[in-house]
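Novice:
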Amino acid sequence: MNGVWSRRMTRRDALKAMALGAAALAYSACGAGGGGSASGKIRLVWMVRNDPVENPWERDVVIPQFEKRNPNISIELLSINQDDIAVKRQAMLAAKEPLHVWSPNWGGDGFGSDRVRGLLQNLSPLMRRSHFDTGRFIPGLLDIYSANGNQYGIPQLTVGSYTIYNKKLFDESGVDYPPTDWDDESWTWEKFIETARKLTKNYGSVDKGQYGATVSVIDNDLESPPRIWGQNDVWPKDAFKTGFATHVTCTDERSVASYQAFHDIVFKEKVAPSPAIVSALANLGGTMPSGKVAMEIQGGWDLWVLKGQISDPNGFCIGIAPIPFGAPGAKLRSVTFTDPWSITNGLSERYLDASWKLVEFLVSPEQARIYMEKTGTPPAQKELLPDYYKIFEKCMKPEDMKTTFEGAFTHGRESSNHLIVKWDELNQIWSNNFDPFFSGASSRAADMLQTVEFQTSNKLQEIRAEWKPAQA
Amino acid sequence: MAVRILPKGRLSRREALWFWLFISPWVFGYVVFTLGPTLGALYLSFTHYDVINPPRWVGLQNYGILFHDFVFWQSLKVSAIYTALSVPLGIVFSLFIAILLNQKVPFLGVFRTLFFLPSVIPFVAATLLFIWILNPAFGIIDFFIRAFVGPNGLIPLGIDGPQWFQDPFWVIPAFTLISLWGFGSSMLIYLSALQGVPTALYEAATIDGAGYWKRFWHVTLPMISPVLLFTFITGIIGSFQTFTQAWVVNGGTGSPAYASMFYVLYLFVNAFRNFAIGTAAAQAWILFIVILVLTILALWVSRRYVYYESEEGGAF
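Chains as they are written, first to last, in my numbering: chain A, 1 to 472; chain B, 1 to 316.
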């Protein structure tokens, strides 16, 4: 060997080599985890939930199209199991790992808690700067994710709760479909039970059983059954806006009647499957997908879960109807669920701008349409709704679908799940009281709700004491 | 080759150096991955920490919160009842099977493999299996109960079978059944202990007129008593740390009516759902103390009942 390579390495050379190595390491580390690169390209981390319906849109549509339009921004898709999202997000933020765009309602406590924790960027200045068109959203949706005049999330999808029914079972039994209008007062709880009775066959039979209906506390939201009976004050008036409450009211006559009716539909009316059968059906794909249940009072996610049944030659047509009147005059019977995109609070201006570009892109009319068509999830934008209804026109006239679908928003309120701080802790109380209540033949709603009211109110006071000063 | 003799002090220093050199990977691992986090958890137990914001010193507040939290006491109760049920039953069941598999019968190897097989199935899979087995509508156990003593059964006593995971009373017995499913490891330990009992002792006992039960009681049990103590203590530790099965069955809710809120499940929920890391750290330290006290108690009581061949005395 000769020249430079034949020379013995001096201490200075060694130091130079070490410095070069350290610089290379720092450079590569910056490229890999720091979110930027020497060319000035920004790398955004976009957290989504594992979902076979949504992931192809995110991976195959959004990322290539966005990166093509924004060559200086690349996106890393971080797809996490929905149950684990909150833990992962919390750990990433604590470790100062890059995380830019995500939805607070996936996993954990939801928007209310994340807003109070200060995790969400105020989007209002960005919206003003880019003249963001808010008029294209279904009225009221943006308000759900605003507080103190600041916007913290932009809605991506929204859905109400409905009576979702299997048209094939109705046709086979020669039973008329339920009405479509939320104000049709002939659609009462009694009528619902009567219809379910006509559709129930071989009750309790393992293999031949067919069930007229199934009901559950939608999303485990304490307030959902009482609303059907006209009790709209389970939560204090300002709770959904502030995220805090000192108590709930659920021992009144209407709340007790609602929970008792949900219980009796199994043990007294015997038109709905018992929890044991529901859990068995869940293992077979779900209550409605099993094809053994005629009607289900449920959140509208059944629409995209069951969409495949429409095109399946062995499947069935689905229809949606309003939730029946538990008591006359009960207007706000639906619970609505709206998922927004949010941006992590405290990003540098460069990353904030890039993240906002991504959010704008995600909710652009063009992407919102592709998302709706690819996934079957209902859009949050008005002009897309007529096309959404067409997805189901094989089963339901678009005008009927419109009446029922949109009626859920004029006859409903957003879920407490998204708006009450530390909802998950409250949910633990409800699960522990609901489960034995709904599986015990002789359970009494009045007893169960007394415990629920006491425990929930205590927990709310604890949460308020712990979080309210922190918020201030 | 001439051997270089080092002065005694230098030799011991060199030996000590080598000792620390060789043991250093373990010491490093222990300090960084066990002792450090343990002490870290002790510090966190005196703080309010939600992962996002820095820990804030709150003194004994977390312990106070726990002592006033009925779910904490319930979780302690659930784990204690589960331990009281599953540990003795597990020992008796595993020992019984080990004794059977210690007999000289044809196809012994096949039987031993078959009985050990369930314990290689992961707990998650076994639990999912039991969710089906114990389903009150479709499960095989309730099917047989209905077939024999159900309202239309062979002997119509009107008994429908328990609701298992949906009934606060039956949920712990259901988890105990799952725990018995994994008896293979302790069965294997008992089998090897049984094979280690000198046959001369049985022969002497037989000559002295001892029947099967007396041989079992006065020879087998004392000889395997150290192993029984070992499995008893590890069983207590393991059952107080039950998590996987409960998580698979109830997803962390502890439902129904907190009857399956195992101690470690509640600890996890506090840490990673409620993000009350300080409270969870306090729970971890309380659990450590509970297990330590139970272990010391078991060892103290065992002095009367456990026989060590290498020691003088000891009686059964």
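Glycine residues also receive a C-beta, built at the ideal position from the N, C-alpha and C atoms.
Can you have a look at A/P378 and say buried or exposed, based on whether 16 or more other CB atoms are within 10 angstroms of its CB?
Specialist: buried
Novice: With a cut-off of 8 Å, do at least 3 Cβ pairs link the region 114-121 of chain B to the region 170-188 of chain B?
Specialist: yes
Novice: Report yes or no: is there a C-beta of chain B within less than 7 Å of the C-beta of A/Y27?
Specialist: No answer about A/Y27 holds up, because its pLDDT of 39 lies below 50 and its placement is not dependable.
Novice: Enumerate in chain order the residues of its own chain whose CB-to-CB distance from A/R413 is below 6 Å, with the five nearest sequence positions on each side excluded.
Specialist: Once the five neighbours on either side are set aside, the close Cβ partners of A/R413 are L332.
Novice: Comparing the C-beta of B/A126 with each C-beta of chain C, is any distance below 7 Å?
Specialist: Of the chains in the structure shown, none is chain C; the protein chains are A and B.
Novice: What three-state label does DSSP hand A/A330 in the structure shown?
Specialist: In the structure shown, the three-state DSSP call for A/A330 is coil.
Novice: Could you work out which residue in A/Y371, A/Q156, A/A294 is closest to A/I209 when comparing CA atoms only?
Specialist: Strictly speaking, residue 209 of chain A in this sequence is Gly, with Ile absent from that position. Selected option, being the one with the closest Cα: A/A294.
Novice: How long is the line joining the alpha carbons of B/L297 and B/V78, rounded to whole angstroms?
Specialist: C-alpha separation (whole angstroms): 20 Å.
Novice: Taking the alpha-carbon of A/V215 as reference, which of A/S205, A/K201, A/Y203, A/A196 has the nearest alpha-carbon?
Specialist: Comparing Cα positions, the closest option is A/A196.
Novice: Taking A/N432 as the query, report the chain B residues whose CB atoms sit under 7 Å from its CB, ordered along the chain.
Specialist: At a C-beta separation below 7 Å, A/N432 has these neighbours in chain B: T253, G254, S255, P256, A257, Y258.
Novice: What three-state label does DSSP hand A/M396 in the structure shown?
Specialist: coil
Novice: Does the beta carbon of A/D475 sit closer than 7 Å to a beta carbon anywhere in chain B?
Specialist: In the structure as shown, chain A starts at 1 and stops at 472, and residue 475 of chain A therefore has no counterpart that could be examined.
Novice: Taking the CB atoms as reference points, tell me whether A/G300 and A/G160 lie closer together than 7 Å.
Specialist: Cβ distance < 7 Å, so A/G300 and A/G160 count as in contact.
Novice: Under 7 Å, do A/S457 and A/P275 count as touching if we go by C-beta distance?
Specialist: no
Novice: Kindly list, in the order they appear in chain B, the residues whose Cβ is closer than 7 Å to that of A/Q90.
Specialist: Within 7 Å Cβ-Cβ: V51, I52, F275.
Novice: Which whole-angstrom value is the C-beta distance of A/Y162 and A/P322, which I expect to be below 8 Å?
Specialist: 7 Å
Novice: At least one CB of chain B closer than 7 Å to the CB of A/I218: is that the case?
Specialist: no
Novice: Please tell me whether A/P322 has its Cβ less than 7 Å away from any Cβ of chain B.
Specialist: no
Novice: Helix, strand or coil for B/G235, going by three-state DSSP, please let me know.
Specialist: Correct three-state label for B/G235: helix.
Novice: Quick one: residues in its chain with C-beta nearer than 6 Å to the C-beta of A/K201, no 5 flanking neighbours on either side, listed in chain order?
Specialist: Setting aside the 5 residues that flank it on each side, A/K201 is surrounded in the same chain by Q210, each with a C-beta closer than 6 Å to its C-beta; the list follows chain order.
Novice: Answer yes or no: does any C-beta atom of chain A fall closer than 7 Å to that of B/N135?
Specialist: yes
Novice: Give me the chain B residues within the contact set of A/V87, using Cβ-Cβ distance strictly less than 7 Å, ordered along the chain.
Specialist: F272
Novice: State the beta-bridge partners of B/H48 as determined by DSSP.
Specialist: Note: B/H48 sits in a beta bridge opposite B/R56.
Novice: Can you find the residues in the same chain that come closer than 8 Å, C-beta to C-beta, to A/K198, ignoring five residues on each side of it along the sequence?
Specialist: S173, V175, G212
Novice: Pull up the distance between the alpha-carbon of A/E373 and that of A/S311, whole angstroms please.
Specialist: Approximately 14 Å between the Cα atoms of the pair.
Novice: What is the DSSP secondary structure of A/D339, reduced to helix, strand or coil?
Specialist: strand
Novice: Tell me whether B/E15 sits in a helix, a strand or coil according to DSSP, three-state version.
Specialist: helix
Novice: Does A/E425 get closer than 7 Å to chain B when you measure Cβ to Cβ?
Specialist: yes
Novice: Taking Cβ-Cβ distances below 8 Å as the criterion, which residues of the region 163-186 of chain B are in contact with chain A?
Specialist: Q163, Q166, D167, P168
Novice: Buried or exposed: which applies to B/W20, given that a residue is buried once 16 or more other Cβ atoms fall within 10 Å of its Cβ?
Specialist: exposed
Novice: Grab me the residues of A/G140's own chain with a C-beta within less than 8 Å of its C-beta, minus the 5 sequence neighbours each way, in chain order.
Specialist: F409
Novice: Please list, in chain order, the chain B residues whose beta carbon lies closer than 9 Å to that of A/L93.
Specialist: V51, I52
Novice: By DSSP, does B/G184 sit in helix, in strand, or in coil?
Specialist: Three-state DSSP puts B/G184 in a helix.
Novice: Nearest-angstrom Cα distance between A/H263 and A/G329?
Specialist: Their Cα atoms are separated by approximately 22 Å.
Novice: Report yes if the C-beta distance between A/L119 and A/Y152 is below 7 Å; otherwise report no.
Specialist: no
Novice: Give the single residue among A/E453, A/E466, A/K459, A/A465 whose Cα lies nearest to the Cα of A/V234.
Specialist: Nearest option by C-alpha distance: A/E453.
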